[in-house]
Amino acid sequence: MKFEDLITEINGFGRFQKMILCISLVGPFTLPCHFLLSNFIATIPSHHCDISSLDAEGIFGNLSREQKLTVSIPAQDDGTPASCHMFSYPQFHLLSNSSSSSELPVVQCQNGWEYDNSTFISTLATQWDLVCDKKGLNKAVTTIFFIGVMFGAVFFGGMSDRFGRKPMLLVSYISGMAFTLASIFSTSFIMFAVLRFFSGFTITGIVIVSTVLNVEWVDIQHRRLVCITGSMAWAVGSTSLSLFAFCIRDWRWLTVAVTSPLLLSTVLWWWVPESARWLIANGRAEKAHYYLHKCAVMNRKEEVISRIKPEALSIIASDEGKKNYSYLDLLRTPKMRRLALLTGTIWFCVATMTYGISLNITGFGLNMYLTQFVYGAIEVPSKLIVYYLLEKIGRRKTEAGAQLLITDFSWVGRTVVAVLGKGFAVAAFCTIVLYSSELYPTVLRQNGMGYNSFLGRLGVCLAPLVLLLDSFWGHFSQTILCSVALIASVVACQLPETRDRCLPETIEDVESTG
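Just so we're aligned, residue 15 is where the sequence shown starts under my numbering, counting upward by one.
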């Protein structure tokens, strides 16, 4: 008997599987909030040099605020005060004539900055004066976070294959919450950057582990349903971030708000079962039988599991399944090597293209909150279309088609790119997550997902650098992103179709396929 047959007999999508799915929706809700959090907490509000010290010395007399700024800070082309410079001494003659101030002597801000708090009460920029010469540090926060995510994917992928899905999920919940909440008490930017790295490192385990756990507990017919439903938590989280940020304008409290769902996830973790498929593959038949019995009872199929003894489950796992595996096993055999090369290339391309499109759009003429809301809302219809296509045309054609269509729309107007380009990018990402989890064998599934996620986050880190190439030629980044999407489409065509097929359990299962 295969595990797929057993899980079907005890109802492959009964109340037990629905419970797992519902619990797993809470944790991934926070991930898009953290991935996009820098859009709000690292924003640089309007600012100019602080001239309060001059006012305290009585130099200005009875001048109005506007007059004080006129004599102290040079005006920019749009008439607003300069952000990083002030006059070396007050220029009172500017009050009586409108002569140009561009040739007057200026110095850098001497006593800090004064910020416009009408939109944000507090951001990283206002907290540690990350403006002017230090403004690049705001963007560095995002890169530092995703570097943490990149290495965390490798760590949690390997550890959950070795120690199990359930314990590593708890580690991700608790450590992710701890490092994130610790970051709000940072006393320096360096301290915040370090804690932000570890926040990304630990929180990424949530999506890697929960996605695989869902897939491993359902039958063949419901794999696409749990994957698409799980990804909807990402869409809801991305949309909700705009509401959180609109209501909470302080970066510390906003961080607390988007992290708080992890507390509920930690409580609900007690009802999360270990993967019976992983337990069997690692020679722990007794424990697997325990969870399968719980599944059968909740799904009202007790008569099925009562006929199966733990010893019978051991037959499902081969001797190879009792070994310990590492990332090196992805390269030891020819077809595993080929699979790792193909899926890794697609993940890298999809991530680079997706974030390249997102970061290249400055908005629709809307404010940042509404823009973020629209970005999240776009994902919902995109994923519903993917759900339909995965069954009708399969994983391979859906992935390749989504990538190919991106190349067609990347040259259209910016608003169309934002809607259609982001939609196809989400479709490609959603598909490759399910596709990859179905291609890798149980004994290496988490290692494979960790490896793929590592390459995906590497692409995320490189996406901002690609956009900088526009300074050499206006269409440079578009050309690269289109090329990347085209490569991913061609590579996806080389993968085997997994629709209506059993999940491979061992490396031998992969090597024996056509």
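Each residue gets a CB set at the ideal place from its N, CA and C atoms; glycine is no exception.
query: Please list, in chain order, all residues of the same chain as E117 whose beta carbon is under 6 Å from its beta carbon, the five residues on each side excluded.; result: none
query: Quick one: what does DSSP say Q235 is sitting in, helix, strand or coil?; result: helix
query: Can you list, in chain order, the residues of its chain with a C-beta nearer than 8 Å to that of G244? Leave out the 5 residues immediately preceding and following it.; result: L35, S38, L39, P42, S224, T225, N228
query: For H107, which of Q81, G464, S132, C47 has the nearest alpha-carbon?; result: Q81
query: Measuring CA to CA, which of A391, R314, M173, N152 is closest to F206?; result: N152
query: How far does the alpha helix (DSSP H) with F159 in it extend, from its first residue to its last?; result: 150-177
query: Take T216 and list the residues in its own chain whose beta-carbon comes closer than 7 Å to its own, dropping the five residues that flank it on each side.; result: G166, S186, S189, G190, F193
query: How is the alpha helix (DSSP H) around V529 delimited, first residue to last?; result: The structure shown does not extend to residue 529, since the chain is modelled only from 15 through 528, so no value can be given for it.
query: Quick one: what does DSSP say C123 is sitting in, helix, strand or coil?; result: coil
query: In three-state DSSP terms, what is S256?; result: helix
query: Mind pulling the alpha helix (DSSP H) runs of 4 or more residues that sit fully within the region 431-459?; result: 436-453
query: To the nearest angstrom, how far is it from the Cα of E525 to the Cα of R346?; result: 11 Å
query: Since H62 contacts A96 with CB under 8 Å, what's their CB separation in whole angstroms?; result: 7 Å
query: Helix or strand or just coil, what does DSSP make of D91?; result: coil
query: Please classify S233 as buried or exposed, where buried requires at least 16 neighbouring CB atoms within 10 angstroms.; result: Per the sequence shown, the amino acid found at residue 233 is Asp instead of Ser. Counting Cβ neighbours within 10 Å, D233 comes out buried, since at least 16 surround it.
query: Put F206 into one of helix, strand or coil per three-state DSSP.; result: helix
query: Could you check the C-alpha separation between L353 and L509 for me, to the nearest Å?; result: 8 Å
query: Thinking F85 and S102 are a contact (beta carbons under 8 Å), I'd like their distance in whole angstroms, please.; result: The displayed chain sequence assigns Val, not Phe, to residue 85. With 8 Å as the limit, V85 and S102 do not qualify as a contact, their Cβ atoms being about 12 Å apart.
query: Once the 5 residues before and after F30 are set aside, which same chain residues still bring their CB inside 6 Å of it?; result: C309, M312, N313
query: Is it the case that the region 125-132 contacts the region 176-183, given that we only count it when at least three CB pairs across the two stretches are under 8 Å?; result: no
query: Alpha carbon to alpha carbon, what distance is there between Q105 and N466?; result: 60 Å
query: If I measure Cβ to Cβ from A154 and keep anything under 8 Å in the same chain, skipping five residues before and after, which residues do I get?; result: A207
query: Around the C-beta of P5, are 16 or more other C-beta atoms found within 10 angstroms, so that it is buried, or is it exposed?; result: Since the displayed the chain opens at 15 and closes at 528, residue 5 lies outside it and no answer follows.
query: Quick check on the burial criterion: 16 or more other C-beta atoms within 10 angstroms. Buried or exposed for A477?; result: buried
query: Closest to W285 by CA distance: which of T527, Y305, V272 is it?; result: Y305
query: Assess contact between the region 493-505 and the region 393-400, defined as three or more Cβ pairs (one per stretch) separated by less than 8 Å. Is contact present?; result: no
query: Fully enclosed by the region 259-287, which alpha helix (DSSP H) runs are 4 residues long or longer?; result: 265-273, 275-282
query: Measure from the alpha carbon of D523 to the alpha carbon of each residue in P455, L483, V505, then state which is nearest.; result: P455
query: Tell me which same chain residues have a C-beta within less than 6 Å of the C-beta of K301, skipping the five on either side of it?; result: L293
query: For G507, which three-state DSSP category applies?; result: Looking at the sequence itself, residue 507 is Cys, so the reference to Gly does not match. The answer is coil: DSSP assigns C507 none of H, G, I, E or B.
query: Excluding the 5 residues preceding and the 5 following P275 in the sequence, name in chain order all residues of the same chain whose CB lies nearer than 8 Å to its CB.; result: V40, G41, F43, T44
query: Cutting at 8 Å between CB atoms, please list the residues of its own chain near L483, excluding the five before and the five after it.; result: F490, S491, I494
query: How is the beta strand (DSSP E) around H107 delimited, first residue to last?; result: Run containing H107: none; DSSP gives neither H nor E here.
query: For T402, is the classification buried or exposed, using 16 other Cβ atoms within 10 angstroms of its Cβ as the cut-off for buried?; result: Per the sequence shown, residue 402 should be read as Tyr rather than Thr. Y402 should be labelled exposed.
query: Assuming F54 is part of the alpha helix (DSSP H), what are its boundary residues?; result: 52-55
query: Could you name the residues that DSSP lists as bridge partners for M350?; result: According to DSSP, M350 bridges with nothing at all.
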